[in-house]
RNA sequence: GACCCCGUAGCUCAGCAGGAUAGAGCAUCAGAUUCCUAAUCUGAGGGCCGCGCGUUCGAAUCGCGCCGGGGUCACCA
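Residue numbers (our numbering): 194 to 802.
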């Protein structure tokens with residue numbers, strides 16, 4: 194076992210062993226530039242369908258509008274002619290001609306050209322960029338906010354670490370990814386429930402209770418010696434034992450386990466959850482809902498789920514085959530258990546929902562839990578550690594079956610797996626001691642490097658790629674840390690605005706026509722933000738926002754440094770108040786976008802460094 | 001043996017629902033600081049996008065099959 198505090202679904206991730214056209218949505222307040230032009234193209238294509246140039250019923254789904262990689266290709270490009278040509282029985286470039294003629298008539302479009310195999314490249318009027326710049330100011334903290342989610346509720350379950358000890362670094366990535374995803378979905382127009390599932394019903398918490406009992410006896414003055422293997426040795430259980438000793442005296446010291454197990458379990462779990470909440474709070478993570486597995490079972494909902502599954506022939510009483518591929522455990526013997534037909538859904542074995550002692554398996558309780566959760570949301574997202582990948586198929590199958598009762602379509606349910614984080618120190622694997630209690634706690638790391646560094650660093654890799662987290666690098670290296678790079682851009686902007694204010698300059702929009710090509714290019718990058726939000730939200734991938742912010746910061750730094758060689762490109766120009774005001778207006782907008790993006794990720798936008 | 005993830009520049013990684021000449025950071029080399037924060041910037045070199053076949057106007061991206069690395073395969077959680 195790699196995880197010193199027991200396996201949990203959340204993530205024991207330490208490696209110890211070894212802009213679409215269709216779905217472009219408007220914000221509540223204003224159309225984003227991309228959405229507006231997507232709508233334009235849609236209108237044109239609609240006309241062509243009405244006129245019969247394109248066949249009736251032509252799907253516009255494959256049509257995209259996006260910023261071209263190469264700036265020489267203009268401001269926006271669409272593949273419309275290429276993807277629709279076949280259906281129309283036209284050559285792509287011929288169809289493109291028709292589309293281009295109509296687009297070119299639009300006031301916001303200064304040129305529409307056909308390029309390559311049939312791309313349509315659009316150049317936008319500077320007025321469009323200036324309007325977008327104003328929109329950033331008008332919308333402020335809401336710039337980038339999207340109506341994509343249309344107010345539907347998404348339940349994001351993350352962390353869900355076993356309540357048997359403090360949070361450690363193995364939990365960190367899933368915690369950050371889940372929390373950032375929650376923030377992202379909220380910003381994209383969803384109602385979000387941040388949920389934590391407490392595994393307080395299994396054998397692990399009984400072990401916890403026994404460990405606490407030992408600490409309780411210790412607190413009463415008994416010499417307990419070495420903590421027996423199989424119990425949790427961490428010092429963090431001492432105060433829990435001491436509190437019980439203070440409350441109950443010697444009452445349970447020599448009592449049989451049956452008299453104290455339940456009590457000690459609930460006290461211990463409560464104490465652990467308090468600790469975990471505090472640990473999460475250091476990362477800025479606050480869940481809305483904590484669901485208890487024990488309460489779920491007590492409520493009878495698990496039984497109800499079993500009954501429903503039995504009625505639909507998805508659960509039956511059967512025997513498992515002996516484990517294949519390796520020697521069967523010595524105590525293995527065939528037993529009849531209630532099995533879920535997960536083989537129907539690609540699993541290689543049907544899975545028990547109850548143990549031979551009559552208790553629910555983790556899976557049995559879990560499927561009922563997800564069913565219950567599905568009643569409270571329009572869509573579910575779980576963030577799991579990759580070590581639980583093997584259980585994805587069965588739980589998805591079970592939830593799909595349960596939620597499509599009465600002929601309803603199954604509740605959307607995604608499981609995002611986050612890969613392991615390898616802890617390093619100076620490039621060498623950082624070994625966590627198996628003598629638990631010595632593991633690297635989340636709180637320690639946050640204290641060492643700060644919440645912002647931890648959060649941003651965890652988002653600098655896509656979640657399904659493994660990741661190294663080198664303490665030395667992350668602690669010392671301000672330079673290699675993308676988070677500082679982004680924050681520095683924001684700090685520079687703040688500083689410039691402060692400095693300008695001292696000199697009597699304020700951002701103003703009255704001379705925006707004096708902004709040049711470099712400035713408009715910077716606006717163009719900022720203008721991608723709403724689109725990035727929608728794409729990231731749709732893909733459930735908050736890390737894209739981190740990468741976008743890095744790019745935006747890079748553009749800003751590059752622009753800034755133009756002023757080194759060319760003083761006339763600086764923001765503050767003593768001899769030109771009007772241009773200074775316009776440049777400051779631009780700078781303030783870039784700062785706003787960085788702030789909004791960092792806000793989504795839960796990272797602080799600092800005013801100075 | 002089965003399933004999941006990864007394989008892109010010397011290293012660490014992006015690459016958006018298939019798009020145009022594949023990008024960034026680090027490292028290397030050459031430069032920029034009487035100046036709004038140099039924690040920054042400019043430029044150069046560096047690539048059979050693991051391999052093969054297929055899908056199509058077009059594949060790093062989708063499908064299939066290999067190869068290599070990691071993970072998982074309990075009545076655990």
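Even glycine gets a Cβ: it sits at the ideal position worked out from N, Cα and C.
Per-residue DSSP class, three states only, for residue i
i           : result
residue 832 : Residue coverage of the chain in this structure runs from 194 to 802, which leaves residue 832 outside it and unanswerable.
residue 466 : helix
residue 419 : coil
residue 661 : strand
residue 622 : strand
residue 633 : coil
residue 141 : This structure cannot speak to residue 141, because the chain is shown only from 194 to 802.
residue 549 : coil
residue 350 : strand
residue 304 : strand
residue 479 : coil
residue 796 : coil
residue 339 : coil
residue 556 : helix
residue 395 : coil
residue 698 : coil
residue 204 : With a pLDDT of 49 at residue 204, under the threshold of 50, the predicted position of this residue should be treated as unreliable, and no value is reported.
residue 578 : strand
With 16 other Cβ atoms within 10 Å as the buried cut-off, status of residue i
i           : result
residue 505 : exposed
residue 474 : exposed
residue 773 : buried
residue 509 : exposed
residue 417 : exposed
residue 745 : buried
residue 535 : buried
residue 371 : buried
residue 721 : buried
residue 673 : exposed
residue 225 : buried
residue 271 : buried
residue 404 : buried
residue 558 : buried
residue 443 : exposed
residue 150 : Past the boundaries of the shown model lies residue 150; the chain is included only from 194 to 802, so the question cannot be answered.
residue 566 : buried
residue 218 : Because the pLDDT of residue 218 is 40, which lies under 50, any placement of that residue in the model is unreliable, and the number read from its coordinates should be weighed accordingly. Label assigned to residue 218: buried.
residue 492 : exposed
residue 613 : buried
residue 784 : buried
Span of the alpha helix (DSSP H) around residue i
i           : result
residue 675 : 675-695
residue 286 : 285-297
residue 322 : 319-332
residue 275 : 273-281
residue 413 : Unbroken run through residue 413: none, as it is neither H nor E.
residue 244 : 226-244
residue 489 : 486-491
residue 647 : 644-651
Separation of residue j from residue i, as counted between CA atoms
i           : j           : result
residue 701 : residue 731 : 35 angstroms
residue 549 : residue 798 : 54 angstroms
residue 215 : residue 235 : With a pLDDT of only 37 at residue 215, under the threshold of 50, the placement of this residue in the model should not be trusted; the figure read from the coordinates follows. The alpha-carbon atoms of residue 215 and residue 235 are separated by roughly 8 angstroms.
residue 519 : residue 373 : Note on residue 519: pLDDT 48, under 50, position unreliable in the model; the coordinate value appears next. Whole-angstrom Cα-Cα distance: 41 angstroms.
residue 266 : residue 293 : 15 angstroms
residue 795 : residue 336 : 16 angstroms
residue 512 : residue 579 : 28 angstroms
residue 325 : residue 467 : 46 angstroms
residue 605 : residue 228 : 26 angstroms
residue 432 : residue 664 : 30 angstroms
residue 609 : residue 457 : 34 angstroms
residue 601 : residue 594 : 10 angstroms
residue 481 : residue 387 : 5 angstroms
residue 461 : residue 530 : 31 angstroms
Supposed contact pair residue j and residue i - C-beta distance, whole angstroms, cut 8 angstroms
i           : j           : result
residue 275 : residue 311 : 4 angstroms
residue 676 : residue 650 : 7 angstroms
residue 316 : residue 268 : 6 angstroms
residue 375 : residue 364 : At roughly 16 angstroms, the Cβ-Cβ gap does not stay under 8 angstroms, so residue 375 and residue 364 are not in contact.
residue 708 : residue 781 : 13 angstroms between Cβ atoms; not a contact.
residue 644 : residue 791 : Wrong, their Cβ atoms sit about 12 angstroms apart, outside the cutoff.
Continuous beta strand (DSSP E) stretch holding residue i: start and end
i           : result
residue 512 : 508-512
residue 256 : Per DSSP, residue 256 belongs to no beta strand (DSSP E) and is neither H nor E.
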